[in-house]
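Enquirer:
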Amino acid sequence: MSQFDITIATCRPLPEPDPDEAPLLDALAQAGLRARLCAWHDRTVDWSLSPLTIIRSTWNYYHDRAGFVDWAERVTTVSELQNSASVVRWNSHKGYLLELARRGVRVVPSELIEAGQAASLEAICAAHNWSHVVVKPAVSAGSFETHTMRAGALDTTTFARLMAERDVLVQPYIDAVDTYGERSLIVIDGELSHSVRKHPRFAGQHEQISGPHPITPAERAFSRQVLASFDEALLYARVDLVPDVDGQPMLTELELIEPSLFFRFSPEALARLVGAIESRLRARLAFLAQ
Ligand SMILES: Nc1ncnc2c1ncn2[C@@H]1O[C@H](COP(=O)(O)OP(=O)(O)O)[C@@H](O)[C@H]1O
Ligand SMILES: [Mg+2]
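In terms of the working numbering, the numbers along the sequence shown are unbroken and rise by one, the last being 310.
Written as structure tokens, this is what we have:
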């Protein structure tokens, strides 16, 4: 028998507290599951000590994406990882937005500039007629190096510095972020659960959340469309969106690695997640017993 049922992957130090952590650990304990919390980058952890490993607050991974993807692949050889290592690889670079756009999903217009490529921010703004833009790393979380700039007052020094170091995305500034707000639709084990509003946040600012908010039929249909192309059952997903100029949902991010799930706005979501973890654990144990 394994020493633990579940390992929850986090990071140390946590860049900010994780309000989902205590409720999740409590709910797992109440379900009779032996869970432990381990930092993904802690080299002393034996990941084989639990049949299931759940990624949660691994919020520093963007500093070492290659190391994180490598960790996910290594864990997979000794424990079932949720969401999977292939999801981690795909979702850890915001280039996935362009891929989803090609598949017909309405996505915030995005220009991807690969590290070291020569690009002019003025030319990008002029080509798209963008007067207010957001510049951010393609591998990022928690608003790391996320900058807003206006045409005519572009911070080309910051742009050049970022571009030299990393892949960068340039997007038009979406005004609806300040009015309707950026919404996060939380999906647990394939079922849309609740919606929260995230208030605008740029580098160095704290996250502000309100909710739960009503989910419109268009948002519901959109979350189904975004997730339809996944052939594996995702344990959790978060569809972040804003309305476009026609009021239709438009994707800002699809968070499949370490999204906050905002259990404080939905105890039902937490119960559903624990139920899904229990059934995956049963399936894994049955598989290992074969
Ligand atoms: N195109 C945009 N228009 C308006 N605000 C944006 C835009 N892109 C990012 N932001 C703001 O920056 C925050 C962080 O950007 P996001 O793309 O969500 O990356 P991450 O959550 O991975 O840091 C968003 O929550 C939003 O407040
Ligand atoms: Mg975000």
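Ideal Cβ placement from N, Cα and C applies to all residues, glycine included.
In its own chain, which residues sit with a C-beta less than 8 Å from the C-beta of V89, not counting the 5 before and 5 after it?
Expert: If you number the sequence shown from 1, residue 89 lands on position 69. Cβ within range, chain order: A105, V108, R109 and S112.
Enquirer: Might you give, ordered along the chain, the residues of its own chain that have their beta carbon closer than 7 Å to the beta carbon of R170, omitting 5 neighbours on each side?
Expert: The count along the sequence shown starts at 1 and reaches residue 170 at position 150. Cβ neighbours of R170 beyond the five flanking positions: S151 and H152.
Enquirer: Taking the alpha-carbon of L305 as reference, which of L48, V95 and P71 has the nearest alpha-carbon?
Expert: As a first step, residue 305 must be located in the sequence shown, where it is residue number 285. Per the Cα distances, P71.
Enquirer: Whole angstroms is fine: what's the gap from V294's alpha carbon to E41's?
Expert: As a working note, residue 294 is residue 274 in the sequence shown. As a working note, residue 41 is residue 21 in the sequence shown. If you take the alpha carbons of V294 and E41, they lie about 13 Å apart.
Enquirer: Which of helix, strand or coil does DSSP assign to C58?
Expert: Locating residue 58 in the sequence shown gives position 38, counting from the first residue. In this structure, C58 counts as strand in the three-state DSSP scheme.
Enquirer: Give the straight-line distance between the Cα atoms of V128 and S22, rounded to the nearest whole angstrom.
Expert: For this step, residue 128 is matched to residue 108 along the sequence shown. For this step, residue 22 is matched to residue 2 along the sequence shown. Rounded to the nearest angstrom, the two C-alpha atoms are 45 Å apart.
Enquirer: Provide the residue span of the beta strand (DSSP E) that contains Q102, from first to last.
Expert: The residue you call residue 102 lines up with position 82 of the sequence shown. Where Q102 is concerned, the enclosing beta strand (DSSP E) stretches over E100 to Q102.
Enquirer: Relative to ligand 1, is the shortest distance from any of its heavy atoms to the C-beta of P192 smaller than 7 Å?
Expert: Here the question's residue 192 lines up with position 172 in the sequence shown. Yes; taking the cut-off as 7 Å, the Cβ of P192 has a heavy atom of ligand 1 nearer than that.
Enquirer: Should A315 be counted as a contact of ligand 1 given a C-beta to heavy atom distance under 7 Å?
Expert: For residue 315 there is no data in the structure shown, the boundaries of the chain being 21 and 310.
Enquirer: Answer yes if the segment 135-142 comes into contact with the segment 191-207, meaning at least three C-beta pairs across the two stretches below 8 Å, and no otherwise.
Expert: no
Enquirer: With contact counted as at least three CB pairs below 8 Å, one residue from each stretch, are the segment 113-127 and the segment 39-57 in contact?
Expert: Counting Cβ pairs under 8 Å, fewer than three are found: no touch.
Enquirer: Quick check on the burial criterion: 16 or more other C-beta atoms within 10 angstroms. Buried or exposed for N149?
Expert: As a first step, residue 149 must be located in the sequence shown, where it is residue number 129. So N149 ends up on the exposed side.
Enquirer: Mind listing, in chain order, the residues whose beta carbon lies closer than 6 Å to a non-hydrogen atom of ligand 2?
Expert: D260 and E273
Enquirer: Counting only runs of 3+ residues fully inside the segment 182-227, write out the beta strand (DSSP E) ranges in chain order.
Expert: Listed in chain order, the complete beta strand (DSSP E) runs (minimum 3 residues) inside the segment 182-227 are 188-192, 202-208 and 211-218.
Enquirer: Decide if R54 is buried, meaning its Cβ has at least 16 other Cβ atoms within 10 Å, or exposed.
Expert: The count along the sequence shown starts at 1 and reaches residue 54 at position 34. So R54 ends up on the exposed side.
Enquirer: Between T96 and ligand 1, is the CB less than 7 Å from at least one heavy atom?
Expert: Walking along the sequence shown from the start, residue 96 turns up at place 76. Checking every heavy atom of ligand 1 against the Cβ of T96, none is found closer than 7 Å.
Enquirer: In angstroms, rounded to a whole number, what distance separates the CA positions of T78 and G224?
Expert: As a working mapping, residue 78 is identified with position 58 in the sequence shown. As a working mapping, residue 224 is identified with position 204 in the sequence shown. Each residue's alpha carbon lies about 18 Å from the other.
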